[in-house]
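Going by this note's numbering, the residue at position 470 of the sequence shown is 470; the numbering climbs one at a time, nothing skipped.
Glycine included, each C-beta is placed from N, C-alpha and C at the ideal position.
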Amino acid sequence: MTKAHAKKNLKPRLVEWRFMLVAGVVVCVFMALVARAAYIQVIEPDSLIQQGDNRTKRTRYTQAHRGNIMDRNGEELAVSVPVRAIYADPKLVHDNGGFADKRRWQALAEVLGQNVDEIYSKLGDPKKRFVYIQRQVSPAMADYVDQLDLPGVYLRNESRRYYPVGEVSAQLVGFTDVDDKGIEGIERLYNDWLTGTPGERKIRRDGKGRQVEILDETQSEPGKDLQLTIDQRIQALTYKELKQAVGTYKAASGSAVVVDIHSGEILAMVNSPSFNPNNRSGVSAHRIRNRAITDTFEPGSTAKPLAVLAALEFGSANLTDTIDTSPGWMRLGGSLVQDARNYGEMDLTGIIRKSSNMGTSKLALSVPKEHFIELYYQMGLIGDTGTHLVGESGGIFHDRSRWSQHELAALSFGYNIAVTSVQLARMYAIIGAGGMKRPLSIIKSNQSVPAERVLSETNANAMVKMLEAVVLEGGTATKARVPGYRVAGKTGTSRKAVAGGYGEEYVNNFAGLAPVSDPQLAVVVMINEPGGDLYHGGDTAAPTFARIMAGALQLLNVPPDDKAVNSLAAVNNGGKHDS
């Protein structure tokens, strides 16, 4: 029994516990794999798809060029030119021992005008994947860098804004930053219009980086072109004359505006000093400012026509009336108003021709205050001119409920208000248009803007004739004559306001229009702080106006209307600078 029992105990069992353990482990692993696969494939497949796409999918962008800016005749004022950007992948540079060949890095630094240590510093962090070394380099420079074959250094296409007319239209057109975004002038104001939409192509690559499939593609849309009302021929002429005047009269600065009277289109807007928008390194902020729309000044005698017009429009004076200005001075509320001398009795033309403070003061005080001040609003000396340019000032005018007689008198001869050159140009354009008011425009449009009548045609035309007397013998602006053309205008000389009163610096301006028989152009010239012996508007701004007006009328083929001068030689001689 004992032997049989031992044999029975030695018989192997069908299922060993070790087998059960291994089988259990295998089953568990298999179930875990199944569960993981099910989780990835069914419950959360996006993560795996994302990882695959990160390895194989790429997005390529195609550049969209910025729209061109042109003048009214199609001449290009701002264009985009192709350039390259040099960038690097610091990780690849480090992984490939990119700094081993120091000669090639030194050559890169020299061609870019940089210090080689600065380049090393930019690429010093191996965790970074993208660093610009230099942007907007020329194609020739980019080709040289490509031939250096530096590991981890690459090129990409870009565009750069170029301004063919340079400093002539710099403040008006403005400029863009390194990313081609407008930051000044027209470039900033119409940035959305000029900016295009880049194209996009989504592709799939294989393990060797080759394109195997195009997943999606969107075509690029170039920026839209923009046409200005500026006539670059007149712009260049105006800038040349203004720059020469600022230098000749040792002035701090100056601005000039030329306006088409019948349409309200601005044909020229220039400032001096200016700057080169293609190379702005070291350019101070005051050169970038568009002074024609930002800088305000007291207009002085150029505002005197409003006192006469206010009296005519209200009916407190007629065209045939005379005003007694004797004894040449008067006191209003303890303050003195006076003329250069006693002019006695003068008609309205005489008041404008002699620029009589007494005459304009008496006419202004003959009109209700509300009517007089409202005319300044109606004539565009207060508020927006319609250009909507960046930084445009609406002028400085503190309207209040109570005005003293002396304050109203001072307003009549151009004090207690500050205006821009553009606002003054609009006022004279309204007078030249027979009393019709239009917003000024800087963007060319085929749609005409309806005009609003703010003066009677009779009074506006009469004022043009009065202003013509200023330029003729006996007037204060004989240097504003344009041989061959009848010209009307007014000088302005005002002291600059300082804390507590007025200083010793002057602002000279001249505003006028021509030809008198059928006014076409209004021109305003402002000379700020002339530093020489000549500091009156009739000696500085008036002759500059004459040269600008003469050249502009000839460029536009406006026929002469002064029968006393019919010689082309005489017209050309009228453009010489005073010695």
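(Q) I'd like to check one pair, Thr360 with Ala307: are the Cβ atoms closer than 8 Å? (A) For the purposes of this step, residue 307 is taken as residue 307 along the sequence shown, with counting starting at 1. For the purposes of this step, residue 360 is taken as residue 360 along the sequence shown, with counting starting at 1. For Ala307 and Thr360, yes; Cβs fall inside 8 Å.
Checklist entry - Between the stretch 229–244 and the stretch 490–507, do three or more beta carbon pairs fall short of 8 Å? => result no
Check your understanding: What whole-angstrom Cβ distance do Glu292 and Asn271 have, given they're in contact under 8 Å?
Key -> Numbered from its first residue, the sequence shown carries residue 292 at position 292. Numbered from its first residue, the sequence shown carries residue 271 at position 271. Note on residue identity: the sequence assigns Ala, not Glu, to residue 292. Indeed they touch by this definition, with Cβ atoms about 6 Å apart.
* Asked: What span of residues does the alpha helix (DSSP H) with Met549 cover, start to end?
  -> Numbered from 1 along the sequence shown, position 549 holds the residue referred to as residue 549. Counting along the chain, the alpha helix (DSSP H) containing Met549 begins and ends at Ala541 to Leu555.
>> By alpha-carbon positions, which one of Leu455, Ala37 and Gln114 ends up nearest to Ala311?
In response: Against the sequence shown, residue 311 aligns to sequence position 311. Checked all of Leu455, Ala37 and Gln114; the closest Cα to Ala311 is Leu455.
Could you tell me the distance, in whole angstroms, from the CA atom of Lys91 to the CA atom of Leu194?
Counting from 1 along the sequence shown, the entry for residue 91 is found at position 91. Counting from 1 along the sequence shown, the entry for residue 194 is found at position 194. Taking the straight line from one Cα to the other gives about 37 Å.
How close, in whole Å, do the beta carbons of Asn528 and Gly185 come, if the pair is a contact with beta carbons under 8 Å?
For the purposes of this step, residue 528 is taken as residue 528 along the sequence shown, with counting starting at 1. For the purposes of this step, residue 185 is taken as residue 185 along the sequence shown, with counting starting at 1. That belief does not hold up - the Cβ atoms of Asn528 and Gly185 are roughly 20 Å apart, past 8 Å.
Practice problem: Output the distance between the C-alpha atoms of Gly344 and Ser335, rounded to the nearest integer angstrom. | Solution: For the purposes of this step, residue 344 is identified with residue 344 of the sequence shown, where counting begins at 1. For the purposes of this step, residue 335 is identified with residue 335 of the sequence shown, where counting begins at 1. Roughly 21 Å separates the two Cα atoms.
Can you tell me whether Asn278 is helix, strand or coil according to DSSP?
As a working note, residue 278 is residue 278 in the sequence shown. Note: Asn278 maps to coil in three-state DSSP.
Point to revise | Where Leu424 falls, given that 16 or more other Cβ within 10 Å makes a residue buried | key: Working through the sequence shown from its first residue, we reach residue 424 at position 424. It counts as buried.
Exercise. Which whole-angstrom value describes the C-beta separation of Tyr485 and Asp399, a residue pair presumed to lie in contact below a C-beta threshold of 8 Å?
Worked result: Locating residue 485 in the sequence shown gives position 485, where the first residue counts as 1. Locating residue 399 in the sequence shown gives position 399, where the first residue counts as 1. Not quite, the Cβ-Cβ distance comes to about 38 Å (not below 8 Å), so this is no contact.
Going by CA-CA distance only, name the one from Thr320, Val337 and Leu472 that's closest to Gly328.
The residue given as residue 328 occupies position 328 in the sequence shown. Comparing Cα positions, the closest option is Val337.
### Query
Which stretch, first to last residue, makes up the alpha helix (DSSP H) that contains Val464?
Here the question's residue 464 lines up with position 464 in the sequence shown. Where Val464 is concerned, the enclosing alpha helix (DSSP H) stretches over Glu457 to Val471.
For Gln227, which residues does DSSP report across the bridge? In the sequence shown, residue 227 corresponds to position 227, counting from 1. BP columns for Gln227 point to Met70.
Point to revise | CB-CB length for Gly166 against Arg188, believed under 8 Å | key: Against the sequence shown, residue 166 aligns to sequence position 166. Against the sequence shown, residue 188 aligns to sequence position 188. Actually they are not in contact, since the Cβ atoms of Gly166 and Arg188 sit about 19 Å apart, beyond 8 Å.
- prompt: Can you tell me where the beta strand (DSSP E) with Gln134 in it begins and where it stops?
  reply: Mapped onto the sequence shown, residue 134 falls at position 134. Run containing Gln134: Val131 to Val137, per the beta strand (DSSP E) assignment.
As assigned by DSSP and simplified to three states, the class of Glu345: Here residue 345 refers to the residue found at position 345 of the sequence shown. Correct three-state label for Glu345: strand.
query: Under a three-way DSSP split, which group does Met608 fall into?
result: Residue 608 is absent from the structure shown; the chain starts at 1 and stops at 579.
Measuring straight from C-alpha to C-alpha, what distance separates Asn115 and Glu76? One-based indexing of the sequence shown puts residue 115 at position 115. One-based indexing of the sequence shown puts residue 76 at position 76. Whole-angstrom Cα-Cα distance: 37 Å.
Item to check | Per-residue DSSP class, three states only, for Pro82 | outcome: What you label residue 82 is simply residue 82 of the sequence shown in a count that begins at 1. The answer is strand: DSSP assigns Pro82 an E or B state.
- Task: Would you mind working out which of Gly386, Gly350, Val524 and Asp95 sits nearest Gly475, comparing C-alpha positions?
- Result: By one-based count along the sequence shown, residue 475 stands at place 475. Checking every option, the nearest Cα to that of Gly475 belongs to Gly350.
Rounded to whole angstroms, what's the CA-CA distance from Arg453 to Ala64? Just pull it up for me. For the purposes of this step, residue 453 is taken as the residue at position 453 of the sequence shown. For the purposes of this step, residue 64 is taken as the residue at position 64 of the sequence shown. Using only the alpha carbons, I get a separation of about 45 Å.
Residues near Ser579 by beta carbon distance below 7 Å, same chain, minus five either side: Here residue 579 refers to the residue found at position 579 of the sequence shown. Because Ser579 sits at a pLDDT of 35, beneath the cut-off of 50, its placement in the model cannot be relied upon, and the following sentence gives the value as read from the coordinates. Cβ within range, chain order: n/a, list empty.
Measuring only the C-alpha atoms, how far is Glu241 from Pro198?
The residue labelled residue 241 in the question sits at position 241 within the sequence shown. The residue labelled residue 198 in the question sits at position 198 within the sequence shown. The alpha-carbon atoms of Glu241 and Pro198 are separated by roughly 42 Å.
**Asked** Are Thr322 and Ser356 touching if we call contact CB-CB under 8 Å?
**Response** The sequence position of residue 322 within the sequence shown is 322, counting from 1. The sequence position of residue 356 within the sequence shown is 356, counting from 1. Contact: no.
With DSSP as the reference, please indicate the residues paired to Val153 in a beta bridge.
Here residue 153 is taken as the residue at index 153 of the sequence shown, counted from 1. DSSP output for Val153 lists Ala88 as bridge partner(s).
At 3 residues or longer, what runs of the beta strand (DSSP E) sit wholly inside the stretch 479–511? 488–498
*asked:* Rounding to the nearest angstrom, what Cα-Cα distance links Gly67 and Tyr162 in this structure?
replied: Numbered from 1 along the sequence shown, position 67 holds the residue referred to as residue 67. Numbered from 1 along the sequence shown, position 162 holds the residue referred to as residue 162. Rounded to whole angstroms, Gly67 to Tyr162 spans 12 Å at the Cα level.
So, does the stretch 257–271 touch the stretch 515–527, judging by three or more C-beta pairs under 8 Å? yes
Q | contact_flag[the stretch 70–85, the stretch 130–149] where n(CB pairs < 8 Å) is 3 or more | A | yes
Report task. Find the nearest neighbour of Leu148 within the set Phe397, Ile133, Ser169 and Arg104, judged by alpha-carbon distance. Result -> As a working mapping, residue 148 is identified with position 148 in the sequence shown. Checking every option, the nearest Cα to that of Leu148 belongs to Arg104.
What is the DSSP secondary structure of Gln219, reduced to helix, strand or coil?
One-based indexing of the sequence shown puts residue 219 at position 219. Residue state, collapsed to three classes: coil.
On the three-pair Cβ rule with 8 Å, is the stretch 435–444 touching the stretch 385–392? yes
* Could you have a look at Leu583 and say whether DSSP puts it in helix, strand or coil? => The question about residue 583 has no answer here: the residues shown for the chain are numbered 1 through 579.
Quick check: the Cα distance between Gly74 and Ala488, rounded to an integer number of angstroms? As a first step, residue 74 is located in the sequence shown; it is residue number 74 there, counting from the start. As a first step, residue 488 is located in the sequence shown; it is residue number 488 there, counting from the start. Their backbone Cα atoms lie some 32 Å apart in a straight line.
- Query: Under a three-way DSSP split, which group does Ala268 fall into?
  - Reply: Walking along the sequence shown from the start, residue 268 turns up at place 268. The answer is strand: DSSP assigns Ala268 an E or B state.
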